[in-house]
Every structure is written in structure tokens, then in C-alpha cells.
Amino acid sequence: MKTVFDDNRNQIPVTVLELKPNFITQIKTIEQDGYQGVQIGYNETKEQRLTKPQLGHLQKSGVVPLANLAEFRTDDIEKYKLGDSLTVGQFSVGEIVNVSAVSKGRGFAGVVKRYNFKGGPKSHGQSDRLRARGSIGASSYPSKVIKGMRMAGHMGDERVMVRNLEIINVDKDKNLLLVKGSVPGSRNTFVEVQKR
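Residue numbers (the numbering used here): 857 to 1052.
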């Protein structure tokens, strides 16, 4: 992240995203697949790192070997063609986008950190229950822990979408997109930027 200033000298926190060219590897149609969508390949790689079926799939669209594929549903597939390159130029300043990525993994976390629980009282002899979760179930009925009970466990490392982020700047020469606010994931995480 970094900070930029607008024309009124207001400070704006932004996240810098590098959007390398993506290539259309497949077009999904209602007749063939039951829905309309576009499959996009990204992250150029060496040919020997892909299997023969993967290479055959990519050669149909005539693109370079790509390590990752993603799919997006769309209503107007007529404007896309196999092998077309999607660049940062399709975005404009002031546009609102949704950004998805896998969040940072936090490991095993207790309920105070994971769910913002308050914790127990710090007096009356409670020396070892300060960050405990308290009771997790009823007595004789239903005599079980209910599904979805908020307890300690693995935190983070899950897919997260941040909605309604404004594009502050587009640098077509360096393939950079400046988005207002923060996005999920650590550095070098693959993110999906979708127009609303």
C-alpha cells in the first residue's frame, strides 16, 4: 500500500496492483456449457511445467503457456475472441470494482482474536479463563454442540472479496492499477479484479 494525493490535497490510501496481460483461453456458451462465461489464463510459465492436456487446451486458443486459469460469467460474450489479451487499459479512473483474493493465514487462533470475544472476568479467582470462550452448549437438550459454534481454530487463508473499491489511477505503461483502500492477501498474491 501507499498514499497518493488528489487535486484538493486529500490524502488517499491505495493498494498498487500489477495487472499483467491476461489471455482469453475459452469462451463458454449456453448451447455447449449451459451458461455464458469467459475463461482467462494468466501467469506465463515454461511449456515443460504443463501437462499435455493443459498444453492442448491452451494451443486451441493460440496463447503462450499459462500456469493459471480463472473463469468469469458474463452476458455479452460477443465482444470477446479466443486469444484476445485483456490489459489494465479496460479499467478507467473512478470506476468501482470488486477485488477477490486468498487472505493471509493467521494459523491457529483463539476466540478473542478470531471472533473478537470479550473474554472472562479478570477477578473472582479467574486466573486462567481470561481469554476462554465460556459455555458452548445447553444442558440436557439438545445435549450437543450446535453446528457453526464459534470456537478456536484455523484463522485466515480463505477466499475474501472486498466490494466497491474505487480506481484512483491507471498506469498503462507499467500495467499498474491503484485501488482505494486495502485488498486481501499478502504481497505477490494473485487477485481477481471484477467490474461491478
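Ideal placement from N, C-alpha and C gives every residue a C-beta, glycine not left out.
Report all residues from its chain with a CB closer than 7 Å to the CB of residue i; omit the five preceding and five following residues, and keep chain order.
i: Q982; result: G976
i: N899; result: L922, A923 and N924
i: K858; result: V870 and V872
Buried or exposed: where does residue i fall if 16 or more other Cβ atoms within 10 Å of its Cβ makes it buried?
i: N878; result: buried
i: V949; result: exposed
i: I1023; result: buried
i: I896; result: buried
i: L986; result: exposed
i: A994; result: exposed
i: L911; result: exposed
Does the Cβ-Cβ distance between residue i and residue j come in under 7 Å?
i: I933; j: I883; result: yes
i: P921; j: T901; result: yes
i: L1021; j: G1041; result: no
i: S917; j: G945; result: no
i: V1016; j: S959; result: yes
i: V1001; j: T871; result: no
i: K876; j: N1044; result: no
i: R929; j: G893; result: yes
i: V1018; j: V968; result: no
i: R865; j: I952; result: no
By Cβ distance below 6 Å, which residues in the same chain neighbour residue i in space, the five residues on each side in sequence not counted?
i: G966; result: R987 and A1008
i: I992; result: V1001 and M1005
Which residues in the same chain as residue i place their Cβ atom closer than 8 Å to its Cβ, once the five residues preceding and following it in sequence are excluded?
i: N972; result: none
i: P998; result: none
i: Y891; result: K884 and R929
Would you check if there are 3 or more beta carbon pairs closer than 8 Å linking the segment 1025-1037 to the segment 997-1016?
No, because fewer than three Cβ pairs between the segment 1025-1037 and the segment 997-1016 fall closer than 8 Å, the two stretches do not touch.
Alpha helix (DSSP H) runs contained entirely in the segment 892-964, provided each spans 4 or more residues
908-917
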